[in-house]
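Reading through the structure tokens given below for one structure.
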Amino acid sequence: MSLTRRILIAMVAGLVIGVLLNIMHNLGWLAQGAGLWFNNLLVDGVLDAVGRIFVASLKLLVVPLVFVSLVCGASSLGGHSRMGTMALKTVLLYIVTTAIAISLALLLGSLIRPGDGVGLSSDSTFTAAAPPSLKEVVVNMFPTNPVQAMAEGNMLQVIVFSLLMGIALANSGEAGERVRRWFEDMDKVVMKMVGILMELAPWGVFALLAKLFAGLGIGALLELGLYFGTVVLALLLHCFGVYSLLLKLLGRINPLQFFRHLRPVMVFAFSTSSSNATLPVTLKTAEEKLGVDNRVAAFTIPLGATINMDGTAIMQGVATAFIAQAYQVDIGMAGYLTVVLTATLASVGTAGVPGVGLVTLAMVLQQVGLPVEGIALIIGVDRLLDMMRTAVNVSGDSMVGLLVAKSENSWDEARFNQPRESAQTAA
Ligand code: ASP
């Protein structure tokens, strides 16, 4: 059975068993002793441990993978002007897709009006942290200490350091060539580690989902159904509509094949709720299945995991509209524009880890003068939405990587068109 299929089965099994455990627990079908066993040993014991080990081992590969693979990519680009245009295209596409995402969310939020009738008024004095200024975001990209940047997992700083090192390698003659070969070998080794981990992924995915759904209350889902539904609708439209259109129009690339290859990546993102933890799988898939050359993938994908969060922007757009409606505040056109700008900027400066979107939402609300405690309204369903929006975040990264690769003549079309199973064997 192919790995993709095993991972999908694990996902469904985890969901079903988790929900069943939850129902059994809530209905009190478990006698007291059994209930204790259920909580301590199974859910908080085995499932929690397996899930956490799985996420930890994914995260452990992020820094070595980004470093090694980006040094290889940058050294083969050699600091020519191509690098500049590639970076420009990438960043531009990331910003444009995020702006489309949030506009779509605001549009749906104002059409469906999920917050009408909630009827709240605010007298709060709660203040959120100010959003980072563009200057700070840029200055903070430059590390004072690369080891510290790696230890803290500061991706933008690791990217800057790796780019510099790659360019230096390309321009250091024979010595550079020797070191570059070492990095290329190392890249194969780290990719192998990702491969090994992916073989174990079905167990990790199963444990994460079963544990999460066993503890997830679905009561909030009923109350917030309209909000939840609006976010999901916007996510689906953006992921399968906007991305497919962009692939077709800008790249003449078959979107169906794209999503077929991307399935395991989306499941990883869904079960870990973290673009960062999914990064090793996204990168491996981009290179080995989507056919994106290492030179492009090693730059665009890690950058995207940090600065590109379309799914998160969508949640923030709908949430802002929802909270404005609930408190009966009209934020006006200028307010909407501010939301687009702040949410885009906020997503640049924050890493892709679970729940971070909720934190940056506070900044967005603050900027347009909406009560920050409105977040309490939507927190009940955010865990579930986090999973879904993370899947959209990583799809956006891969989509942009593919488009940039195509435009840079760094796309292996034959590999992309391979049926899934043989792509797997090739990998
Ligand atoms: N969990 C998301 C990610 O890692 C970020 C968020 O929306 O909270 O991409």
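Its first residue numbered 53, the sequence shown is counted upward by one per residue in the numbering used here. Even for Gly, the Cβ is constructed at its ideal location relative to N, Cα and C. Small disclaimer: the values here were computed from a predicted structure and weren't measured.
Near the ligand ASP: residue i beta-carbon under 6 Å from a heavy atom
| i | result |
| --- | --- |
| S399 | no |
| D434 | no |
| G407 | yes |
| T352 | no |
| T149 | no |
| A206 | Residue identity differs from the one stated: residue 206 is Asn in this sequence, not Ala. No. |
| D438 | yes |
| T334 | no |
| G404 | yes |
| S447 | no |
| A364 | Checking the sequence, you will find Thr at residue 364 rather than Ala. T364: yes, Cβ under 6 Å from the ligand ASP. |
| S326 | yes |
| E142 | The question names Glu, yet the displayed sequence has Thr at residue 142. Answer for T142: no, Cβ out of range of the ligand ASP. |
| R441 | yes |
Distance, residue j Cα to residue i Cα
| i | j | result |
| --- | --- | --- |
| G384 | L308 | 38 Å |
| F178 | G369 | Residue confidence for F178 is low, a pLDDT of 49 falling below 50, so the modelled location carries little weight and cannot support an answer. |
| V191 | A378 | 38 Å |
| G343 | L413 | 35 Å |
| L261 | L67 | 6 Å |
| R57 | F322 | 16 Å |
| L160 | A286 | 7 Å |
| L216 | A65 | 45 Å |
| G453 | M245 | 22 Å |
| H290 | A153 | 6 Å |
| I59 | L335 | 18 Å |
| K240 | N197 | 27 Å |
| L389 | L72 | 44 Å |
| L117 | G409 | 25 Å |
| L249 | G256 | 10 Å |
| T330 | S121 | 16 Å |
| A443 | G225 | 42 Å |
| G103 | A386 | 44 Å |
| A376 | A395 | 16 Å |
| L55 | E251 | 7 Å |
| A350 | A398 | 23 Å |
Span of the alpha helix (DSSP H) around residue i
| i | result |
| --- | --- |
| S296 | Y295 to G303 |
| E188 | L186 to V191 |
| C124 | D100 to L129 |
| G167 | Neither: G167 is in no alpha helix (DSSP H) and is coded neither H nor E. |
| F90 | Where F90 is concerned, there is no enclosing alpha helix (DSSP H), given that its DSSP letter is neither H nor E. |
| H290 | Segment: none, H290 is in no alpha helix (DSSP H) and carries neither H nor E. |
| T56 | L55 to N78 |
Residue i: CB within 6 Å of a non-hydrogen atom of the ligand GTP
| i | result |
| --- | --- |
| S450 | As presented, the structure is devoid of the ligand GTP, carrying the ligand ASP as its sole ligands. |
### alpha helix (DSSP H) segments (min. 4 residues) lying fully within the stretch 420 to 460
427 to 430 and 434 to 459
### Task
Any chance you could list the alpha helix (DSSP H) runs of at least 4 consecutive residues sitting entirely within the stretch 336 to 387, in chain order?
346 to 359 and 362 to 378
### Task
Any chance you could list the beta strand (DSSP E) runs of at least 3 consecutive residues sitting entirely within the stretch 304 to 328, in chain order?
none
### Task
Kindly confirm or deny that the stretch 354 to 364 and the stretch 215 to 230 touch, where touching means at least three C-beta pairs closer than 8 Å.
no
### Query
Any contact of the stretch 464 to 473 with the stretch 429 to 443, i.e. 3+ C-beta pairs under 8 Å?
no
### Query
Any contact of the stretch 446 to 461 with the stretch 141 to 156, i.e. 3+ C-beta pairs under 8 Å?
yes
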